[in-house]
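A.B. asks: Dropping the structure in here first, questions after.
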C-alpha cells in the first residue's frame, strides 16, 4: 500500500520572505555563481549526511531535519548529482566519499533485491513504502551514475548502466520513440499514462551519459527524445510542450485538471518545462548542431516568458491554461532557476541582448525574493505576491539540484 509523501504544513499567509537588494551583485560573474553554489551546499552540509545510509531529505528553513525517515528515489539520486558536481567543479575530493555513499544507498536500499531489480520510489525506516518503478526516477539514477563517473567515481557506471537497461527493456516505446512512464514493482503492468516530464529528464540523463562515456547511443537517444517531444508532440498543442498523454500518445487535456498543483504531474502548460526544454535543446546543439534546436529553444522560451512573467510582482508563474491565462500564479524555485540557465544559453547561442536581459531580470527577482540570505539555499515556493507559504524549505524532491545545476550550466557555457 502506498503511503503519501508528507506535505508541508501551511503557515499563515502573512509570512513573508526577506528582500535583499542586489545592486552590487554581478550575476555574470563566475565568482558570484561559484559562491552561490558554495552557500547552497553549506545549507545542507551540517545535517544532510545519514551515517546509516543515504541522505536526509526534508529540511526546514534553518536547515534542521523535520522528517528523518522518508527517502525518495529522486532526492537520493539528486544528492549524488549535487556532490558529484561539487567534487568535479571545485576539484574538492572531500565530496567523493559522499558520492560513493549516495550511490551505495541507491544500489542497496532503493534497488529491489529480486526479479527485475527496479528501484523503489519511496522508502522509510521500515523499508519499501512504494515499490512502483518510474521512468522519471530511473532517469535520475542515470544522472547520478553519469555525474559520479564524470567526477571519477567508477561505481557510477553500475547505476548508469542498470537504469539504462531497465528503461530500455521495460519503458522504451520504439514505435513512438518515447518512454512510457510507470510500472508496478516487477514491471509486469505498464500504466497507460504517458508524460513528457519523464522523457524530458530522460533526455537530460542521456546527455549526461554521453558526456560521461562518449557512447553515441546516448546522444542518439537524447536527440530522438528532444525531436519527438518538442517537434512531433508539441505540434499537437500549438508548438508548446503539453504534459499529459494517453497510451497512444494522444493529448489528454483533462489529466489532473482537478489537481493542478500535483508535484510531478501538474495540469496546464508549465512555463518551467518550456524553458527547461530550451536549455536541453541548446546543450544538445552543443554536442550535435542541427537546424531546429536553436529556433525551437527560442520559441519555447519566448512564448513561456511572454505569458507567465508576472509584470506586477516579478517572477515566472507556475502554469497557464489553453487560452494563455495564468492558472497557477505561484512562484516555484526550479522554474526561475531553469529559466535563467536557458536565458544564458540562448544569449550565447543567438547573440541577442534580450536573453542577457532576461538572465539578469530572472536572477534579480530570485535574489530579491527566492533566496534565503540568512540560512542559504532557495525557498521552494512563494505565492504570486512573493509570500512564503511554510517554513519547509526543502522537502523530498528538492535538494536544490535545479538551482545549483542551473549555475553549473551557466558556468559550463561560454555566456559569462
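Residue numbers (my numbering): 1 to 416.
The C-beta atom is built at its ideal place from N, Cα and C for all residues, glycine as well.
1) Could you tell me which whole beta strand (DSSP E) segments of length 3 or greater appear in the stretch 302-340?
2) Please report the straight-line C-alpha distance between residue 114 and residue 128, rounded to a whole angstrom.
3) Under three-state DSSP, which class holds residue 164?
4) For residue 265, which residues of its own chain have a beta-carbon under 6 Å away from its beta-carbon, when the five flanking residues on both sides are left out?
5) Taking 6 Å as the limit between beta carbons, can you name the residues of its chain near residue 236, skipping five residues before and five after?
6) Tell me, to the nearest whole angstrom, how far the beta carbon of residue 166 is from that of residue 118; I am working on the premise that it is less than 8 Å.
7) If you draw a straight line from the C-alpha of residue 309 to the C-alpha of residue 231, how long is it?
8) Leaving aside the five residues before and after residue 53 along the sequence, list all residues of the same chain whose C-beta is less than 7 Å from its C-beta, in chain order.
9) If you run the structure through DSSP and keep just helix, strand and coil, what is residue 16?
10) Taking the straight line between their C-alpha atoms, what separation do you get for residue 92 and residue 83?
11) Could you check whether the stretch 44-60 touches the stretch 381-398, counting it as contact only if at least three pairs of C-beta atoms, one from each stretch, sit closer than 8 Å?
12) Given a threshold of 16 other Cβ atoms within 10 Å of its Cβ, counted over all protein chains shown, does residue 283 qualify as buried or as exposed?
13) Name the one or two DSSP bridge partners that residue 119 has.
14) Give the DSSP-derived three-state secondary structure of residue 93 in the structure shown.
15) Does the stretch 207-226 touch the stretch 234-248, meaning 3 or more C-beta pairs lie closer than 8 Å?
16) So residue 354 is in the alpha helix (DSSP H); what residue range does that whole segment cover?
17) Just how far apart, CA to CA, sit residue 212 and residue 146?
18) Does residue 373 pass the burial test, meaning 16 or more other C-beta atoms within 10 Å, or should it be called exposed?
19) Going by the CB atoms, is the gap between residue 333 and residue 384 shorter than 7 Å?
20) If we count Cβ pairs, one from each stretch, closer than 8 Å, do we get three or more for the stretch 356-372 versus the stretch 278-296?
21) Taking the alpha carbon of residue 138 as the point to measure from, which residue in 153, 160, 156, 130 has its own alpha carbon closest?
22) Leaving aside the five residues before and after residue 85 along the sequence, list all residues of the same chain whose C-beta is less than 8 Å from its C-beta, in chain order.
23) Closer than 7 Å by C-beta to residue 281: which residues in its own chain qualify, once you throw out the five before and the five after it? Chain order, please.
24) Is it buried or exposed for residue 179, if we count other Cβ within 10 angstroms and need 16 for buried?
25) With a Cβ-Cβ cutoff of 7 Å, do residue 342 and residue 261 count as a contact?
26) Out of curiosity, what's the CA-to-CA distance linking residue 135 and residue 24?
27) Could you have a look at residue 388 and say whether DSSP puts it in helix, strand or coil?
28) Could you have a look at residue 183 and say whether DSSP puts it in helix, strand or coil?
29) Going by DSSP, what residues sit across from residue 190 in a beta bridge?
30) Would you check if the distance between the CB atom of residue 171 and the CB atom of residue 77 is smaller than 7 Å?
31) Between the alpha carbons of residue 326 and residue 319, how many angstroms are there, rounded?
32) Confirm, please, whether the CB-CB distance from residue 81 to residue 401 is below 7 Å.
33) Once the 5 residues before and after residue 185 are set aside, which same chain residues still bring their CB inside 6 Å of it?
34) Can you have a look at residue 451 and say buried or exposed, based on whether 16 or more other CB atoms are within 10 angstroms of its CB?
35) By DSSP, does residue 413 sit in helix, in strand, or in coil?
C.D. replies: Taking the structure as given:
1) List check, beta strand (DSSP E) in window: 326-328.
2) Taking the straight line from one Cα to the other gives about 13 Å.
3) Of the three classes helix, strand and coil, the one that applies to residue 164 here is helix, per DSSP.
4) Within the same chain, residue 265 has close Cβ partners 256.
5) Leaving aside the five residues that flank residue 236 on each side, the residues in its chain whose CB is nearer than 6 Å to its CB run, in chain order, 251.
6) That pair is a contact at about 6 Å.
7) Roughly 24 Å between the two C-alpha positions.
8) Closer than 7 Å at Cβ, skipping near neighbours: 105, 109.
9) Only weak support is given to the placement of residue 16: the predicted model assigns it a pLDDT of 43, under 50, and the value that follows is read from those uncertain coordinates. DSSP, read as helix, strand or coil, puts residue 16 in strand.
10) Spanning the two alpha carbons is a distance of roughly 10 Å.
11) The way I'd put it, the stretch 44-60 does touch the stretch 381-398; three or more beta-carbon pairs between them come closer than 8 Å.
12) With a threshold of 16 other beta carbon atoms within 10 Å, residue 283 meets it and is buried.
13) As DSSP reads the structure, residue 119 sits in a beta bridge with 111.
14) In the three-state DSSP reduction, residue 93 falls in the helix class (H, G or I).
15) As far as the Cβ criterion goes, the stretch 234-248 does not touch the stretch 207-226, which means the pair count is below three.
16) Here the alpha helix (DSSP H) through residue 354 covers 353-365.
17) Approximately 5 Å, taken between the alpha carbons.
18) In summary, residue 373 is exposed, with fewer than 16 beta-carbon neighbours lying within 10 Å of its beta-carbon over all protein chains present.
19) Cβ distance not < 7 Å, so residue 384 and residue 333 don't count as in contact.
20) Because the criterion of three Cβ pairs below 8 Å is not met, the stretch 356-372 and the stretch 278-296 do not touch.
21) Comparing Cα-Cα distances from residue 138 to each of 153, 160, 156, 130, the minimum goes to 160.
22) Around residue 85, the same chain offers 147, 151, 404, 405, 408 as residues with beta carbons nearer than 8 Å, after the five sequence neighbours per side are excluded.
23) Cβ within range, chain order: 226, 230, 293, 296, 297.
24) For residue 179, the number of other beta carbons within 10 angstroms of its own is at least 16, and it is reported as buried.
25) Not a contact, by the Cβ cut-off of 7 Å.
26) When the Cα atoms are used, residue 135 and residue 24 turn out to be separated by approximately 43 Å.
27) In the structure shown, residue 388 adopts extended strand secondary structure according to DSSP, grouped into three states.
28) In the structure shown, residue 183 sits in a strand (DSSP, three-state: E or B).
29) For residue 190, which the question treats as bridged, DSSP gives the partners 183.
30) No, the pair does not count as a contact, with Cβ atoms beyond the cut-off.
31) Cα-Cα distance, rounded: 6 Å.
32) The Cβ atoms of residue 401 and residue 81 sit closer than 7 Å to each other.
33) Only residues of its own chain outside the window of five on either side were considered, and among them 131 have a CB closer than 6 Å to the CB of residue 185, listed in chain order.
34) A query on residue 451 cannot be resolved here, the shown segment of the chain reaching from 1 to 416 and no further.
35) Coil.
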